[in-house]
Ligand SMILES: [Zn+2]
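Residue numbers (the working numbering): 2 to 256.
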């Protein structure tokens, strides 16, 4: 199918769908200025040592890694990023009552900022806008901790217990939250249409959402710049610009 015909078909499927589940990855946020960490021009690809900052083992063991992490957090593009046309199309899809769940691998919080509700958004890798203590249950706004870093604390500690603070995100070597993954897989099971956007579907168990939805009878559409391992089981694959194509395929619903 040519791209225009594919977009037309996908638009009709979304219009018919009642329980849309969307799975998003880094590709949906690159138009908002958030780099793809794993892509060909990704931060980790260009600078493998940056990956150490995101590894929980180095982070907990080495104060220097934590100091470098806090310096790097100060400059994260997420603080100034705005939702783009792709995020906004998904927010409207929810307002029209079609969205069962929005599963995201992104930590930038842009789906919530775009207007999707916390009840629908499942952030499987956490959210950078919050900080947590690794020792106690404390959790609070990241900006308040970053203010302490700006004021001179290189490795701010938990004010409740003195424990190590970190962004409320899943680092390498850190377990996913089982209830969150369960919620995501349950949604995939109930979907009648699953749209994977801007993800290479290489990260498990999240990628399982695609075969689970397929087995449950959902239509599958994959929108990603690079091929994925699930392209073969998809009803359609789109490789163009997400910022352009995502609003187009949602058009019939969002108007
Ligand atoms: Zn604490």
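Where is the CB? At the ideal position from N, CA and C, for every residue including glycine.
Contact set, ligand 1 heavy atom to C-beta under 6 Å: Residues flagged by the Cβ proximity filter: 134, 136, 137, 139, 159, 161, 162, 164.
Whole runs of the beta strand (DSSP E) within the stretch 54 to 138, excluding any shorter than 3 residues: Runs of the beta strand (DSSP E) spanning 3 or more residues and lying entirely within the stretch 54 to 138 occur at 100 to 105, 122 to 124, 127 to 134, in chain order.
Same chain only: Cβ atoms within 7 Å of residue 235, ignoring 5 sequence neighbours per side: Sequence index remark: in the chain shown, residue 235 carries index 234 (1-based). Correct list, in chain order: 221, 222, 223.
Residue 168 in three-state terms, based on DSSP: Sequence index remark: in the chain shown, residue 168 carries index 167 (1-based). Correct three-state label for residue 168: strand.
Whether residue 112 touches residue 125 by CB criterion (7 Å): The residue labelled residue 112 in the question sits at position 111 within the chain shown. The residue labelled residue 125 in the question sits at position 124 within the chain shown. Against a cut-off of 7 Å, the Cβ pair of residue 125 and residue 112 comes out as no contact.
Distance CB(residue 26)-CB(residue 106) smaller than 7 Å: The sequence position of residue 26 within the chain shown is 25, counting from 1. The sequence position of residue 106 within the chain shown is 105, counting from 1. Yes. Within cutoff.
Neighbourhood of residue 115 by C-beta, 8 Å cutoff - its chain only, sequence neighbours within 5 removed: If you number the chain shown from 1, residue 115 lands on position 114. Result list for residue 115: 84, 88, 89, 91, 92, in chain order.
Proximity below 7 Å, CB of residue 153 to CB of residue 128: Residue 153 sits at position 152 when you count from the first residue of the chain shown. Residue 128 sits at position 127 when you count from the first residue of the chain shown. It is not a contact, given that the beta carbons lie outside the stated cut-off.
Cross-strand partners of residue 22 (DSSP beta bridge): Locating residue 22 in the chain shown gives position 21, counting from the first residue. Partner(s): 102, 195.
Residue environment, residue 62, which counts as buried when at least 16 other CB atoms sit within 10 Å: Translated into positions along the chain shown, residue 62 becomes position 61. Exposed, since its Cβ has fewer than 16 Cβ neighbours within 10 Å.
Touch test, the stretch 68 to 84 against the stretch 19 to 36, Cβ-Cβ under 8 Å, three pairs minimum: Segments in contact, yes.
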